[in-house]
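Q: Can you read through this structure? Questions will come right after.
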Amino acid sequence: MINRKTFFSASVLFFLGSYAYGQEKQEKKDTVKSTNVEEVVILGSRSGARSKVDSPVPVDVFNIKESSVVLPQSTIGQILNAIAPSFTSTIQTNSDGTDHLDPAQLRGLGPDQVLVLVNGKRRHTSALVNVNGTPGRGTVGTDLNSIPSFALTRIEVLRDGASAQYGSDAIAGVINLELKRDTGKLTGQLSYGGNLTPTANDHTGDFDGQNIQVDLNYGNKIGKRGGFYNITWSSQFRNPTYRAGTESGAIYNAYNAIEKRALNDGVNLSSLFNNIGNAPNSQQIVNYIHQYAQNVNYFSPTLQGQIQGAGTIGALQKILGTDVTDQELAYRGLNRKDFNMQVGQSKLNNHQLFANIEVPLNDDWKVYTFGGYSFRHGSSGGFYRRPNQSRTFTGLYADGYLPQIGTDIQDLSLSAGIKGNWNGWNVDLSNTFGQNSFTYTIQNTGNTSLRFASPSEFNAGGLRFSQNTINLDLAKKYDVWSGINIAFGAEHRYENFKITAGDEASYATYDVSGNVWTGNSLRPTDFFGNALPGGSQVFSGFRPGNAVDKNRQSVAGYADFEFNFTDWLLVDAAARYENYSDFGSTFNYKLASRIKVDKNLNFRLAGSTGFRAPSIHQIYYNVTSTLFTNGQLLDVGTFSNDSEIAGLLQMPKLKQETSQSASVGFTYKIPSVNLTFTADGYFTKIKNRIILTDQFLRADVPVAAQIAYDKAQVNAAQFFTNAIDTETKGLDIVISHNTRFSGFKLDNNFAVNLNETRKVGNIHSSGLLQSPNLEKIYFSEKSRVYLEEAVPKVKASLSHTLSWKSASFYLRNTYFGKVTGADIIDVNGDGIIGFNEHQQIADKIITDVSFAYQFTKNVGLTIGVNNLFDIYPTKNLTASTNNDQFIYSRSTSQFGQNGRYVFSRLNFNF
């Protein structure tokens with residue numbers, strides 16, 4: 000096979016060679032004309048469409064309608080991760096609900112610091128709070144996968160702070176998803192693919208992760224004034240991938256072996272006791288163990304002698320913890336891979352319906368509506384419950400079990416409005432509603448404290464976020480100088496966040512009588528005397544005490560002025576005032592300019608302030624569990640900002656993050672060869688960034704705080720808090736080229752993003768937790784890595800599309816820079832674990848190729864490969880593998896761990 004570095008080098012030479020060839024052909028005055036329709040953008044300006052190279056801020060434009068024919072990726076997040084270097088999104092694994100919603104980041108900032116629009120209207124965020132160990136921990140992002148990519152005509156990505164124009168969240172930039180307006184035909188795609196790689200099926204090879212997707216789009220005209228409707232349906236059926244190694248830890252102990260022999264004879268030892276320390280028939284249990292131990296033929300004479308000589312439960316407990324995994328696996332006809340976790344992408348069924356409708360009322364006014372509904376059911380695995388663990392009730396599960404987290408995600412959106420011209424003013428009045436919900440069903444699991452009475456499936460409750468936004472926008476152009484545009488408007492937004500409690504058995508711990516344990520009654524135990532834990536294993540349900548139904552409102556007003564003083568000088572100025580019902584008000588501004596030095600050379604610069612309101616989720620999200628510690632029932636978990644313990648600890652209320660951003664760049668065109676360069680440097684400083692702390696244990700906090708813990712009956716707590724300041728700096732470079740020669744059309748695109756984010760200044764500890772010793776809990780070393788080093792600081796892509804008649808060939812190489820694993824381990828093997836000692840995960844190049852052929856004007860076929868050379872991330876060091884389960888890091892965001900993906904796609908239109 001061709002070496003991938005050679006392949007990448009050839010790709011670069013292909014780009015340069017095509018550029019030189021274009022120059023040569025121009026000099027020879029080739030009679031084949033090169034028609035280049037310059038891309039225009041709407042995002043970032045309220046004056047209407049303009050050439051993207053004439054924009055005072057950097058905007059990328061991706062033609063999804065055309066590129067969807069050849070791209071291996073099919074969801075919005077994965078498409079952008081492949082083609083936009085400033086964008087990062089990776090499928091997560093073993094991260095609860097985050098497995099089914101891929102956190103997305105722009106320019107290295109957080110998932111909640113990029114604003115998403117659909118047809119220029121604010122999109123609601125997800126109901127999910129990312130609380131697990133992944134990049135973006137503690138944030139709330141937008142569920143891009145709830146929108147079918149086949150419904151889009153293009154995506155605009157504004158790579159600049161824009162809070163003064165669009166409001167909260169637009170610190171890193173704005174992504175606008177533009178829906179199709181096609182009429183008069185039915186188009187569709189039928190795609191099938193999967194991962195063809197030696198690491199499939201837990202490194203035994205073959206094929207897994209099969210994906211079937213059906214996309215249909217139909218549009219037609221309404222009336223004779225240009226009205227239309229366009230409807231898209233998409234269904235995806237995705238199988239999981241399996242990338243675990245081979246479970247290397249202890250699985251069975253000697254008691255498990257004896258228990259199995261008894262079960263084979265119809266005796267269930269677990270039925271003989273509830274609490275082993277209070278068993279009235281302890282001698283019967285001892286006798287059964289003596290009897291069935293003799294049926295374990297691999298026990299050594301010494302061990303058999305010890306067992307037969309032990310006359311009490313206590314004596315047997317000291318002996319029967321002996322590891323006998325390999326011998327017992329052989330006896331049961333099992334192997335270690337049977338106890339693997341499900342590591343890789345989750346199982347997913349996704350169904351989406353989207354519509355875009357516009358109806359003119361007369362020559363000046365039109366009404367419009369767009370929106371959709373999606374339902375996504377996902378299933379992901381947790382950590383295997385092995386039979387030698389107290390959290391496994393072997394009376395029901397003699398070989399343990401792999402619990403599954405089932406997630407039903409529903410997303411609903413509807414925007415409706417009227418727009419038109421009133422006395423020279425362009426007026427747009429709209430209402431946009433959106434709702435996203437997560438419902439958790441935990442399957443193939445148990446509440447261990449219920450023992451035999453435990454169900455195997457639990458409703459663990461759920462999350463729901465609703466948002467309604469009313470906008471009034473007005474804009475007018477004046478023929479002064481070379482043109483002035485004035486825009487202003489107002490916005491009202493209502494938000495609601497709801498947590499619904501799960502079934503009692505999903506969160507409660509029960510006593511030996513089957514009643515909810517109150518701390519005074521006897522708890523069931525395993526044979527070794529360990530208390531059996533309550534709640535559904537792998538994901539304990541939300542309790543009634545966690546249930547919330549909270550709302551807030553905000554109002555905003557903005558003004559936006561665009562001055563074309565001359566044909567060569569453009570200045571944009573924007574200001575926005577916004578007031579929230581729960582934390583107060585904020586005022587932000589932006590100033591941007593484009594200087595046209597030459598008709599083909601522009602310089603641009605921008606400076607702005609911005610903000611991100613704390614999400615209502617971060618204010619009210621809470622999830623707790625109850626443990627019995629030092630004779631007391633105490634809560635541990637994540638406590639909301641308005642909780643009793645937060646008040647007692649004098650934790651301040653959450654406030655907005657504020658930012659200061661600056662960017663400077665240039666655009667340069669060489670029309671003779673259809674070549675365009677853009678380069679933009681940027682700097683963003685964010686103050687009072689909201690993070691999710693690690694857990695503060697009662698034993699670690701000052702005495703005054705311990706008193707507050709005791710009063711609130713809490714043993715450990717973590718909170719959302721405005722704890723850090725950060726600085727992000729970077730550079731974006733984009734080079735685009737296209738040419739036509741001898742009937743061929745060639746498009747070349749190169750883009751690179753370099754960025755660095757780091758914490759600056761002191762940690763903002765506060766209240767009774769204000770102590771230098773606690774700063775490592777406020778913002779832990781792991782949290783620092785998630786923020787600064789888990790996402791590539793360098794990402795680049797080089798793509799080529801060569802078309803000839805009915806055929807197209809697509810080639811893309813994407814470079815993912817090195818990242819850092821979050822685990823703190825002994826990397827250099829010197830026996831000493833440094834406080835900031837982490838494994839480095841090397842940079843990689845991923846190559847995608849595809850070939851498309853249009854058999855007739857109605858039918859075409861695409862075949863291709865994502866990750867042609869089957870590249871994987873650097874393997875974890877042993878200390879980070881969890882008994883060889885996580886062969887690759889699950890706490891970084893590069894390109895995933897699924898390996899080579901092959902696909903075919905049937906395209907049709909009628």
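Residue numbers for the sequence shown follow numbering that gives the first Met the number 0, beginning at 0 and rising by one.
By construction, the Cβ of each residue, glycine as well, lies at the ideal position given by its N, Cα and C atoms.
Applying the 10 Å Cβ sphere with the 16-neighbour rule, what's the burial state of Pro239?
A: Counting from one through the sequence shown, the residue named residue 239 turns up at place 240. Classification for Pro239: buried.
Q: Runs of 3 residues minimum, wholly inside the stretch 800–831: which ones carry the beta strand (DSSP E) assignment?
A: For the stretch 800–831, whole beta strand (DSSP E) runs of length 3 or above, ordered along the chain, are 806–815.
Q: So His68 is in the beta strand (DSSP E); what residue range does that whole segment cover?
A: Indexing the sequence shown from 1 puts residue 68 at position 69. Per the sequence presented here, residue 68 reads as Val, with His not at that position. Here Val68 belongs to no beta strand (DSSP E), and DSSP marks it neither H nor E.
Q: Hey, how far is the Cα of Phe894 from the Cα of Asp559?
A: To locate residue 894, count along the sequence shown from 1; it is residue 895. To locate residue 559, count along the sequence shown from 1; it is residue 560. Computed Cα separation, rounded: 39 Å.
Q: Rounded C-beta distance between Pro84 and Ala795? I'm assuming under 8 Å.
A: Walking along the sequence shown from the start, residue 84 turns up at place 85. Walking along the sequence shown from the start, residue 795 turns up at place 796. The Cβ separation is near 6 Å, so the contact holds.
Q: Which residue or residues does DSSP assign as beta-bridge partners of Glu577?
A: For the purposes of this step, residue 577 is identified with residue 578 of the sequence shown, where counting begins at 1. Partner(s): Ala555, Thr585.
Q: Between the C-alpha atoms of Ser921 and Leu70, what's the straight-line distance to the nearest angstrom?
A: The structure shown does not extend to residue 921, since the chain is modelled only from 0 to 909, so the question has no answer here.
Q: Jot down the residue ranges of each uninterrupted beta strand (DSSP E) in the stretch 352–433, minimum 3 residues, whole runs only, in chain order.
A: Listed in chain order, they are 364–380, 403–421.
Q: Please give the ranges of any alpha helix (DSSP H) in the stretch 758–784, keeping only runs that are unbroken, at least 4 residues long and fully inside the region.
A: Segments of the alpha helix (DSSP H) lying fully in the stretch 758–784: 774–777.
Q: Just reading off the alpha helix (DSSP H) that His616 is part of, what are its end residues?
A: Translated into the one-based positions of the sequence shown, residue 616 becomes position 617. Looking at the DSSP string, the run of the alpha helix (DSSP H) that includes His616 is 615–619.
Q: Kindly confirm or deny that the stretch 122–130 and the stretch 364–376 touch, where touching means at least three C-beta pairs closer than 8 Å.
A: Cβ pair count under 8 Å is below three, so no.
Q: Look up Ile483 in the DSSP assignment and give the residues it is bridged to.
A: In the sequence shown, the residue the question calls residue 483 occupies position 484. Looking at the DSSP assignment, Ile483 forms a beta bridge with Tyr477, Phe562.
Q: By the three-class DSSP mapping on this structure, what secondary structure does Ser299 have?
A: As a working mapping, residue 299 is identified with position 300 in the sequence shown. Of the three classes helix, strand and coil, the one that applies to Ser299 here is coil, per DSSP.
Q: From what residue to what residue does the alpha helix (DSSP H) around Ile284 run?
A: Looking up residue 284 in the sequence shown gives position 285. Segment 281–292, the alpha helix (DSSP H) holding Ile284.
Q: Could you check where the alpha helix (DSSP H) with Glu177 kicks off and where it finishes?
A: Position 178 of the sequence shown, counted from the first residue, corresponds to residue 177. Where Glu177 is concerned, there is no enclosing alpha helix (DSSP H), although the beta strand (DSSP E) it sits in stretches over 172–178.
Q: Between Asn772 and the rest of its own chain, which residues show a CB-CB distance below 6 Å, the 5 nearest in sequence each way excluded?
A: Locating residue 772 in the sequence shown gives position 773, where the first residue counts as 1. So the list is empty, once near-sequence residues are dropped.
Q: Hey, how far is the Cα of Tyr900 from the Cα of Ser429?
A: Residue mapping note: residue 900 aligns to position 901 of the sequence shown, counting from 1. Residue mapping note: residue 429 aligns to position 430 of the sequence shown, counting from 1. One C-alpha to the other measures close to 42 Å.
Q: Return the CA-CA distance between Ile840 and Ser879, expressed in angstroms with no decimal places.
A: Here residue 840 corresponds to residue number 841 of the sequence shown, with the count starting at 1. Here residue 879 corresponds to residue number 880 of the sequence shown, with the count starting at 1. Each residue's alpha carbon lies about 12 Å from the other.
Q: Per DSSP, what kind of secondary structure is Val213 in: helix, strand or coil?
A: Locating residue 213 in the sequence shown gives position 214, counting from the first residue. Val213 falls in the strand class under three-state DSSP.
Q: Measuring CA to CA, which of Asp581, Arg121, Val173 is closest to Pro57?
A: Along the sequence shown, one-based indexing puts residue 57 at 58. Measuring from the Cα of Pro57, the nearest candidate turns out to be Val173.
Q: Where does Glu910 fall in DSSP's three states?
A: Outside the modelled stretch of the chain, which goes from 0 to 909, sits residue 910, for which no answer is possible.
Q: To the nearest angstrom, how far is it from the Cα of Phe272 to the Cα of Leu116?
A: As a position in the sequence shown, residue 272 is number 273, starting the count at 1. As a position in the sequence shown, residue 116 is number 117, starting the count at 1. Cα to Cα, Phe272 sits roughly 60 Å from Leu116.
Q: Near Pro523, what residues of its chain come up, given a Cβ to Cβ distance below 7 Å and the 5 sequence neighbours on each side ignored?
A: Position 524 of the sequence shown, counted from the first residue, corresponds to residue 523. Asn273, Asn274, Ser448, Arg450, Val511, Leu531, listed in sequence order.
Q: Enumerate in chain order the residues of its own chain whose CB-to-CB distance from Gly501 is below 6 Å, with the five nearest sequence positions on each side excluded.
A: Mapped onto the sequence shown, residue 501 falls at position 502. Excluding sequence neighbours, Gly501 sits near Asn458, Ala459, Gly460, Gly540, Phe541.
Q: What's the C-alpha gap between Asn927 and Asn673?
A: Past the edges of the chain, shown from 0 to 909, lies residue 927, and the structure says nothing about it.
Q: Whose C-beta lies closer than 7 Å to the C-beta of Leu691 among residues of the same chain, with five residues either side of it excluded?
A: Counted from its first residue, the sequence shown places residue 691 at position 692. Hits under 7 Å: Val130, Arg136, Gly137, Gln717, Phe719.
Q: Grab me the residues of Glu836's own chain with a C-beta within less than 8 Å of its C-beta, minus the 5 sequence neighbours each way, in chain order.
A: Here residue 836 refers to the residue found at position 837 when the sequence shown is read from its first residue. Result list for Glu836: Ile823, Ile824, Asp825, Val826, Asn827, in chain order.
Q: For Asp916, which residues from the same chain have a beta carbon less than 6 Å from its beta carbon, with the 5 sequence-adjacent residues on both sides left out?
A: No statement about residue 916 is possible, as the shown extent of the chain runs from 0 to 909 and does not include it.
Q: Per DSSP, what kind of secondary structure is Ser796 in: helix, strand or coil?
A: Stepping through the sequence shown from its first residue, residue 796 is reached at position 797. Of the three classes helix, strand and coil, the one that applies to Ser796 here is strand, per DSSP.
Q: Over what stretch of residues does the alpha helix (DSSP H) that includes Arg331 continue unbroken?
A: For this step, residue 331 is matched to residue 332 along the sequence shown. Its alpha helix (DSSP H) spans residues 324–331.
Q: Going along the chain, which residues of its own chain have a beta-carbon closer than 7 Å to the beta-carbon of His202, five neighbours each way excluded?
A: Taking the sequence shown and counting its residues from 1, the one referred to as residue 202 is at position 203. Same-chain partners within the cutoff: Gly244.
Q: What are the boundary residues of the beta strand (DSSP E) that Asn334 is part of?
A: Start at 1 with the first residue of the sequence shown, and residue 334 comes out as number 335. Run containing Asn334: none; DSSP gives neither H nor E here.
Q: So what does DSSP say about Leu151, is it helix, strand or coil?
A: As a working note, residue 151 is residue 152 in the sequence shown. Looking at Leu151 - three-state DSSP - the assignment turns out to be strand.
Q: DSSP three-state label for Thr196, please.
A: Position 197 of the sequence shown, counted from the first residue, corresponds to residue 196. In this structure, Thr196 counts as coil in the three-state DSSP scheme.
Q: Quick check: the Cα distance between Gly482 and Val52, rounded to an integer number of angstroms?
A: Your numbering for residue 482 matches position 483 in the sequence shown. Your numbering for residue 52 matches position 53 in the sequence shown. If you take the alpha carbons of Gly482 and Val52, they lie about 18 Å apart.
Q: Suppose you measure from the CA of Thr813 to the CA of Asn752; what does that come to, to the nearest Å?
A: Translated into the one-based positions of the sequence shown, residue 813 becomes position 814. Translated into the one-based positions of the sequence shown, residue 752 becomes position 753. In a straight line, the C-alpha of Thr813 is about 11 Å away from that of Asn752.
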